[in-house]
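As structure tokens, the structure follows; a few thoughts come after it.
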């Protein structure tokens, strides 16, 4: 904590320019093409799997598939985007990498762990989940398109942090009605950070 | 050492009071002496917060090298960075390699850790690729009780030329004053925020720096661009032409460096043309005290 921390505004902690950020995003997509297409495919698969897992006749295997997909998305963004790209311009990069990778690991543990007991679906939670999933999977991409960003800078689930955090949280809520609870805190943190960064970058 | 400091800042005062008329780019930039060592530094340097933190982007790194090239071509020397600035140190080092310019810069960096300062300083040195730093500063006074003695030891051993401390935006001026008064011999440098709308340092720290023979680096000359953004589009008042200013950036810089206590202002830029434009402010004529007061008044009103 810096001394006289109360005198610092949030903007004081942004250590790179918006230009640097968007160039990073573009170069990341360029270097890792077809990561955007993988992101699109994961979005479609995520919606499909989450829908199945949220239905009355869903099997434990359906829940596991969602978990594995979410684990993949979180781990990729953590270990590739944050650790190897974002960290080159942001001292917080390694911390974000750890957060995302840990969430991925938690999804994996949940997916590979004992089969979930027969549970009630909580319709309201699932509804919220679908709302967040729509916002996460579509929102950043649409915002980018409206801002005139190129295809190389459009943010997609499984490739970039914000759609992965918001979309991932939404899909999990839709599929599993918010269980287990320990899959909730890290996405909330990740979303908060993403919103803050977006606001600071203008 | 005491006499050298006295001569150093006397020369500075004389230089500021009787600025030579400028003959354009043919003459080098105005310099001020570092009181403790007598080294002459051009009064405008180059900061690297945000602007040089471009990661591994080859095109952006190339542009940073161009900024440094224009800065050096205009006679600039002091470049200031820190481990806090992300990839900036490595980008500086890369640019120095491309331009083969290590011998031409006055390398100013910082220690920013409450842990092993020596290891961090060595890592910084490798990123810059210099044999030793011209100046190392305790960044924002973080763990200064540990890091300041470390830097002083490094200086004694010949592994460092000058030692300083930094703060910004008016923070910890009380601690600064205490350290500036108490240390014998005095610190070589202090770095603080000073510009026409952030003038708190005029009260105590700048006069104290003069009195004790401590060089002063002025950071955030443009409030990270906000000051210039606020002035953009507004016509320069008549006094600007009197002191050879074509832009608000030059006017702001001339205000800063015309304070007799200021050794060097360190604006940052990602635009090579602005690097030249900023260095152009390091030429006479500089405003006298009466004009300085007017400039501060006008900028505060218009910004």
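Protein chains in written order, with the working numbering: chain E, 25 to 226; chain Z, 74 to 376. Even glycine gets a Cβ: it sits at the ideal position worked out from N, Cα and C.
Chain-ordered chain E contacts of residue i [CB-CB under 7 Å]
i: residue 129 of chain Z; result: 112
i: residue 136 of chain Z; result: None at all; the shortest Cβ gap to chain E is about 10 Å.
i: residue 123 of chain Z; result: 39, 40 and 41
i: residue 351 of chain Z; result: Those do not exist, as residue 351 of chain Z stays about 18 Å from chain E at its closest Cβ, beyond 7 Å.
Partners in chain E for residue i, counting only beta-carbon separations shorter than 9 Å
i: residue 133 of chain Z; result: 43, 44 and 47
i: residue 365 of chain Z; result: Residues of chain E passing the Cβ test: none, with the nearest at roughly 27 Å.
Endpoints, the beta strand (DSSP E) within which residue i is located
i: residue 115 of chain Z; result: 113-115
i: residue 182 of chain Z; result: 179-184
i: residue 105 of chain Z; result: 104-106
i: residue 371 of chain Z; result: Careful: residue 371 of chain Z lies outside any beta strand (DSSP E), inside the alpha helix (DSSP H) at 362-375.
i: residue 209 of chain Z; result: 206-211
Neighbour list for residue i in chain Z, Cβ cutoff strictly below 7 Å
i: residue 115 of chain E; result: 159
i: residue 51 of chain E; result: 130
Continuous alpha helix (DSSP H) stretch holding residue i: start and end
i: residue 166 of chain E; result: 147-170
i: residue 197 of chain E; result: 185-200
i: residue 134 of chain E; result: 117-136
i: residue 44 of chain E; result: 42-55
i: residue 215 of chain E; result: 209-225
i: residue 36 of chain E; result: Taken as a continuous stretch (DSSP letters only), residue 36 of chain E belongs to no alpha helix (DSSP H), as it is neither H nor E.
i: residue 215 of chain Z; result: Segment: none, residue 215 of chain Z is in no alpha helix (DSSP H) and carries neither H nor E.
i: residue 177 of chain E; result: Where residue 177 of chain E is concerned, there is no enclosing alpha helix (DSSP H), given that its DSSP letter is neither H nor E.
i: residue 89 of chain E; result: 84-100
i: residue 61 of chain E; result: 59-77
Amino acids of chain Z, ordered along the chain, whose beta-carbon sits closer than 9 Å to that of residue i
i: residue 31 of chain E; result: 242, 243 and 244
Heavy atom of the ligand ATP within 8 Å of residue i beta-carbon
i: residue 153 of chain Z; result: As for the ligand ATP, it is missing from this structure, which has no ligand bound.
3-residue-minimum beta strand (DSSP E) runs that sit fully inside the region 312-347 of chain Z, ordered along the chain: With a minimum length of 3 residues, no continuous beta strand (DSSP E) run stays inside the region 312-347 of chain Z.
Proximal residues, the region 264-294 of chain Z versus chain E, C-beta separation under 9 Å: Listed by position along the chain: nothing, the set is empty.
What ranges does the beta strand (DSSP E) occupy inside the region 239-310 of chain Z, keeping only unbroken runs of at least 3 residues that lie completely in it? Within the region 239-310 of chain Z, complete beta strand (DSSP E) segments of at least 3 residues are found at 262-266 and 288-292, given in chain order.
When you compare the region 193-206 of chain Z with the region 163-171 of chain Z, are there three or more beta-carbon pairs, one atom per stretch, that lie closer than 8 Å? Yes: at least three Cβ pairs fall under 8 Å.
Residues in the region 328-344 of chain Z having any Cβ partner in chain E nearer than 9 Å: Of all residues in the region 328-344 of chain Z, 343 have a Cβ within less than 9 Å of some Cβ in chain E.
Three or more C-beta pairs closer than 8 Å, one from the region 77-91 of chain E and one from the region 121-128 of chain E: is that the case here? In short, these stretches do not touch, since the Cβ pair count stays below three.
Can at least three beta-carbon pairs, one atom from the region 150-157 of chain E and one from the region 195-210 of chain E, be found at a separation below 8 Å? Taking 8 Å as the limit for Cβ pairs, the verdict is that the region 195-210 of chain E does touch the region 150-157 of chain E.
Sequence ranges, alpha helix (DSSP H) only - wholly within the region 140-197 of chain Z, length at least 4: Positions of the alpha helix (DSSP H) runs, each at least 4 residues long and wholly inside the region 140-197 of chain Z, are given as 161-172 in order along the chain.
Between the region 112-128 of chain Z and the region 140-151 of chain Z, are three or more C-beta pairs nearer than 8 Å? Touching, per the Cβ criterion.
Can at least three beta-carbon pairs, one atom from the region 204-220 of chain Z and one from the region 176-196 of chain Z, be found at a separation below 8 Å? Flag = yes, the region 204-220 of chain Z and the region 176-196 of chain Z touch.
Is the region 58-77 of chain E close to the region 177-195 of chain E, with three or more CB pairs under 8 Å? They touch, by the three-pair rule.
Pair every Cβ in the region 89-96 of chain E with every Cβ in the region 64-80 of chain E, then say whether three or more of these pairs are closer than 8 Å. Contact between the region 89-96 of chain E and the region 64-80 of chain E is present: three or more C-beta pairs spanning the two stretches fall below 8 Å.
Contact between the region 347-356 of chain Z and the region 123-136 of chain Z (3+ Cβ pairs under 8 Å): Taking a cut-off of 8 Å on C-beta distances, the region 347-356 of chain Z does not touch the region 123-136 of chain Z, as fewer than three cross pairs fall below it.
Using a Cβ distance threshold of 8 Å, determine whether the region 275-293 of chain Z contacts the region 329-344 of chain Z, with at least three qualifying pairs required. Yes, they touch.
Are at least three pairs of beta-carbons, each pair with one atom in the region 309-329 of chain Z and one in the region 239-247 of chain Z, less than 8 Å apart? Because the criterion of three Cβ pairs below 8 Å is not met, the region 309-329 of chain Z and the region 239-247 of chain Z do not touch.
Does the pairing of the region 212-224 of chain E with the region 243-261 of chain Z give three or more beta-carbon distances under 8 Å? The region 212-224 of chain E vs the region 243-261 of chain Z: no contact.
Within 8 Å, do at least three Cβ pairs link the region 282-296 of chain Z to the region 256-264 of chain Z? Yes, since at least three Cβ pairs between the region 256-264 of chain Z and the region 282-296 of chain Z fall closer than 8 Å, the two stretches touch.
Is the region 313-329 of chain Z touching the region 363-371 of chain Z, taking contact as three or more C-beta pairs under 8 Å? The region 313-329 of chain Z is in contact with the region 363-371 of chain Z.
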